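Down below is the structure, laid out as structure tokens.
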């Protein structure tokens, strides 16, 4: 697609957009917002970046992804990178590393809300301007029956999801009591905030 076509499709100035993420949820949200974009995963070692504060961690990861991708980009673009963790009580929950960990997450979510913490960075490669922000939505769960925990932990895709759950899954939906904040934020990219950041990065 030409730069002109990107401009018309995006209605985001004259700049092409690159999504620095392989998340299916983020790609879906960007498409729902009407953007045309390329996907360029950063493939960084996320475990090498640690922080005890969930907001600081996701921002550090979003920035690290942008920094890793910039040397590969030789044109004028808006680069969007993001990361998400789930904060539960005093614990930071990332993607489950094992079936046992996934089950432990699911068994305990009814005890406290799962806070979906997002860090987003939008970088303008022409000016070098980078806009960053964090966003949180909370998911409140009812107690999940053990048979559902066992079934859900067998699903391969949850091991690619922060906190090991997906609110859109029909198996889990009956046990979601309420959500505070935008659903797209739970999925991994808050729409309104991202739109504002895209605009600000071009100013």
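Residue numbers (the working numbering): 786 to 988.
Cβ coordinates follow ideal geometry from the N, Cα and C atoms, glycine included.
Here the structure is a predicted model, which means the values were calculated and not measured.
Between the segment 888-897 and the segment 832-839, the count of Cβ pairs shorter than 8 Å is below three; the stretches do not touch. Shortest Cα-Cα distance from residue 918 to any of 806, 840, 823 involves 840. Residues of the same chain with a CB within less than 6 Å of the CB of residue 916, apart from the 5 flanking positions on each side, are 907, 982, 985, 986 in chain order. The beta carbon of residue 897 lies closer than 7 Å to those of 873, 874 in the same chain, with the five residues before and after it left out.
When only Cα atoms are considered, residue 883 and residue 948 end up about 12 Å apart.
Remark: fewer than three beta-carbon pairs, one from each stretch, lie closer than 8 Å, so the segment 814-824 and the segment 852-859 are not flagged as touching. Around residue 822, the same chain offers 802, 803, 804, 815 as residues with beta carbons nearer than 7 Å, after the five sequence neighbours per side are excluded. For the set 939, 809, 956, the Cα lying nearest the Cα of residue 926 is the one of 956. Taking a contact as a CB-CB distance under 8 Å, the pair residue 910 and residue 858 counts as one, their CB atoms being some 6 Å apart. A Cβ-Cβ separation of about 16 Å leaves residue 849 out of contact with residue 811 under the 8 Å criterion. Annotation note: the segment 806-831 contains no uninterrupted beta strand (DSSP E) run of length 3 or greater.
One thing to note: residue 844 has its Cβ within 7 Å of the Cβ of residue 904. Look at residue 926 here: in three-state DSSP terms it is strand. In the DSSP assignment, residue 878 falls within the beta strand (DSSP E) that extends over 876-878. If the five residues before and after residue 827 are omitted, its C-beta is found closer than 7 Å to the C-beta atoms of 805, 850, 853, 854, 866, all from its own chain and listed in chain order. By the CB criterion at 7 Å, residue 938 and residue 888 fall inside the cutoff.
Taken through DSSP and simplified to helix, strand or coil, residue 951 comes out as coil. One thing to note: residue 871 has its Cβ within 7 Å of the Cβ of residue 901. Residue 963: member of the beta strand (DSSP E) spanning 961-965, first to last residue.
Straight across, the Cα-Cα distance linking residue 976 with residue 836 is about 26 Å.
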